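In what follows, a structure is listed as structure tokens, so that the remarks can point back to it.
Residue numbers (the working numbering), protein chains in the order written: chain A, 11 to 407; chain B, 3 to 221.
Now the structure itself:
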């Protein structure tokens with residue numbers, strides 16, 4: 011019986027090929043598009059992890075809403091975060107390290123060459139908190155953060171552009187209107203989220219505050235001792251800051267996980283909607299299969315008549331056409347999957363940074379939809395075929 | 003074996019009702035050789051289709067081996083056709099993508115017989131027909147006479163009680179026509195009841211019993 015169905019597929023090669031191609035394009039597009047979406051998601055997740063682990067980010071001002079009477083908070087100016095605030099956070103037993111951050115933009119110059127780059131003011135702990143690595147020299151010295159030591163660490167690209175291949179360590183560069191001695195060069199890491207660490211200069215936080223004439227901090231990065239301690243650490247950080255800010259909860263602490271979860275959610279949504287679009291092409295191939303099967307039924311009317319005359323029941327005829335469509339869809343889905351995976355391989359060959367690979371749920375859904383539409387839409391023509399009157403079917407040309 | 007009582011079959015053409023069979027009562031015994039003759043449109047094929055359970059009468063009763071088959075379900079009729087009735091058509095109706103031997107084995111495939119038995123039975127029939135050399139040829143590689151002989155083998159492979167042939171020689175030259183008729187007669191000699199519709203008076207005369215039809219009535 012099954013062989014009979016397969017034979018009829020083999021005998022109409024062009025039609026079979028056509029349908030397999032249609033089906034496989036549908037499946038392949040789902041596989042490739044979801045692989046891209048999933049790749050983007052994983053890329054972001056990895057980027058976030060490279061930012062540091064067990065990270066809390068403190069910034070001034072409050073964005074969360076509470077059950078307070080509206081208007082009560084109005085007119086309130088949040089207090090700035092200071093280096094003292096940052097140091098105070100170290101009193102918490104959940105906090106391992108803190109890195110106060112100020113950020114500005116400054117012209118870095120050496121000799122005749124100069125370059126405008128983001129200048130980050132921080133402390134020696136920033137390297138550990140942000141998982142930075144050095145190519146040469148040392149990071150910022152481990153001294154009291156309130157000391158404006160005139161040293162700087164340059165990003166790999168900044169070093170190249172200012173010094174070329176000559177030695178940079180120990181040289182004095184000018185950043186804005188102050189002079190700094192180069193103590194270290196950051197290893198090339200490339201883009202890490204919004205900040206390209208190849209193109210920055212890092213100086214002590216107190217120096218940056220002097221340089222840009224700002225008494226406050228942009229952020230405080232806090233590293234909790236463990237993942238489990240993130241939540242108590244978050245609460246304690248807020249409590250410490252509240253105590254220091256005359257009882258006002260005027261800082262916001264977000265966990266890296268929260269940011270990550272948001273991005274994760276957004277990108278998952280994108281992946282899903284892209285998969286949905288690809289799903290439409292799958293449905294189209296399903297409808298195509300239905301039409302081709304309908305044509306097949308009318309072309310093979312006489313054969314159906316004959317089968318009925320020699321004792322095939324309506325059920326048998328239905329099963330025959332059903333099996334034909336099912337094996338066609340199965341074959342198309344498999345070919346599409348293989349094609350899709352090959353496409354994904356090619357894409358990750360071209361963009362190695364993108365960890366593109368189709369998630370299992372997408373592959374499952376694609377093949378499921380292909381089989382589903384193929385089989386569902388074959389039931390209709392099969393039903394029609396099974397109801398044909400044998401006498402009429404036999405006499406038709 | 004076959005008993006038709008006051009059977010009518012009307013067709014609706016547009017809004018006119020055309021009687022194709024008009025009050026036919028007929029009895030055919032086991033092992034009989036009956037030819038049905040008559041001009042075009044006299045209802046020969048309609049009668050054959052009714053007898054072959056491919057069609058249902060508009061009124062009247064049809065009993066086969068004492069069983070009232072008029073009101074059987076479609077599926078039950080299909081089973082009846084498979085087990086008891088063999089058809090031979092004017093246009094052969096072989097499945098073009100299947101080889102001769104596969105065409106012969108088709109009814110056994112539908113009946114769900116094991117592969118070995120299918121092979122054995124269809125092989126033996128081909129041997130009896132002297133078409134062994136053509137076993138793996140597709141229908142378009144066979145001559146008309148060969149095609150009809152394959153079709154007869156297909157009709158006979160389930161060893162049906164009743165063999166129905168609708169102008170089996172209508173598309174053949176005289177020589178192959180005679181071959182086909184003698185093959186059908188041989189099967190009749192083995193005990194199958196044979197009902198043969200034909201235009202050809204010479205073939206019609208060979209039957210032990212000859213039924214003439216005119217305007218849907220037995221003449």
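Using N, Cα and C, we set each Cβ at its ideal position, and we do this for glycine too. Please read these numbers as outputs of a predicted model, since none were measured by experiment.
Residue i - DSSP class collapsed to helix/strand/coil
i, result
"residue 129/B", "helix"
"residue 190/A", "strand"
"residue 24/B", "strand"
"residue 109/B", "helix"
"residue 70/B", "strand"
"residue 26/A", "helix"
"residue 379/A", "helix"
"residue 153/A", "coil"
"residue 168/B", "strand"
"residue 206/A", "strand"
"residue 214/A", "strand"
"residue 400/A", "helix"
"residue 84/A", "Note that residue 84/A scores a pLDDT of 49, beneath 50, so its modelled location is shaky; the value from the coordinates is reported in the next line. Reduced to three states, the DSSP call for residue 84/A is coil."
"residue 46/B", "helix"
"residue 203/B", "helix"
"residue 55/A", "helix"
"residue 97/B", "coil"
"residue 320/A", "coil"
"residue 84/B", "helix"
"residue 124/A", "strand"
"residue 186/B", "helix"
"residue 208/B", "helix"
"residue 367/A", "coil"
"residue 391/A", "helix"
"residue 336/A", "helix"
"residue 71/A", "coil"
Within chain B, partners of residue i - CB distance below 7 Å
i, result
"residue 319/A", "56, 83 and 89"
"residue 400/A", "56"
"residue 14/A", "111"
8 Å Cβ cutoff met for residue i and residue j
i, j, result
"residue 157/B", "residue 323/A", "no"
"residue 155/A", "residue 215/A", "yes"
"residue 71/A", "residue 365/A", "no"
"residue 222/A", "residue 112/A", "yes"
"residue 210/B", "residue 90/B", "no"
"residue 404/A", "residue 315/A", "yes"
"residue 197/B", "residue 47/B", "no"
"residue 217/B", "residue 44/B", "yes"
"residue 160/B", "residue 88/B", "yes"
"residue 102/B", "residue 127/B", "no"
"residue 363/A", "residue 53/A", "yes"
"residue 11/B", "residue 57/B", "yes"
"residue 9/A", "residue 37/A", "No answer is possible for residue 9/A: the residues shown for chain A start at 11 and end at 407."
"residue 367/A", "residue 332/A", "no"
"residue 120/A", "residue 173/A", "yes"
"residue 247/A", "residue 102/A", "yes"
"residue 222/B", "residue 64/B", "No information on residue 222/B is available, as it lies outside the stretch 3 to 221 that chain B covers here."
"residue 173/B", "residue 79/B", "no"
"residue 164/B", "residue 321/A", "no"
Cβ-Cβ separation, residue j to residue i (assumed contact under 8 Å), whole Å
i, j, result
"residue 269/A", "residue 185/A", "Actually they do not touch by this definition, with Cβ atoms about 30 Å apart."
"residue 195/A", "residue 169/A", "5 Å"
"residue 190/A", "residue 161/A", "6 Å"
"residue 26/B", "residue 9/B", "5 Å"
"residue 232/A", "residue 218/A", "That pair is no contact at about 19 Å."
"residue 41/A", "residue 373/A", "6 Å"
Chain A residues whose Cβ lies nearer than 8 Å to that of residue i
i, result
"residue 76/B", "323 and 324"
"residue 190/B", "Per Cβ cutoff of 8 Å: no residues; residue 190/B is ~19 Å from chain A at best."
"residue 156/B", "320"
"residue 51/B", "401"
"residue 165/B", "Ordered by position in chain A, no residue passes the 8 Å Cβ test against residue 165/B, which lies about 12 Å from the chain."
Under 8 Å from the C-beta of residue i: neighbouring residues of chain B
i, result
"residue 312/A", "95"
"residue 364/A", "Here the premise fails: no neighbours, minimum Cβ distance about 48 Å."
Chain A contact residues for residue i, given Cβ-Cβ distances below 7 Å
i, result
"residue 80/B", "318, 321, 322 and 323"
"residue 173/B", "Under the 7 Å cutoff, chain A gives no residues; its nearest Cβ is about 14 Å from residue 173/B."
"residue 108/B", "320"
Heavy atom of the ligand ATP within 7 Å of residue i beta-carbon
i, result
"residue 364/A", "In terms of ligand content, the structure shown is empty, and the ligand ATP therefore cannot be addressed."
Per-residue contacts from residue i into chain A (C-beta, under 9 Å)
i, result
"residue 196/B", "Those do not exist, as residue 196/B stays about 17 Å from chain A at its closest Cβ, beyond 9 Å."
Partner residues on chain B for residue i, Cβ-Cβ distance less than 9 Å
i, result
"residue 338/A", "Within 9 Å Cβ-Cβ: nothing; residue 338/A doesn't reach chain B, min ~16 Å."
"residue 381/A", "Going along chain B, no residue has its Cβ under 9 Å from residue 381/A, so there is no contact; the nearest lies around 25 Å."
Proximity test, Cβ basis, 8 Å: residue i and chain D
i, result
"residue 390/A", "Chain labels in this structure do not include chain D; the protein chains are A and B."
In chain order, each beta strand (DSSP E) run of at least 3 residues that lies wholly inside the stretch 235–284 of chain A: 261–265
Runs of beta strand (DSSP E) wholly within the stretch 135–169 of chain B (minimum 3 residues, chain order): 164–168
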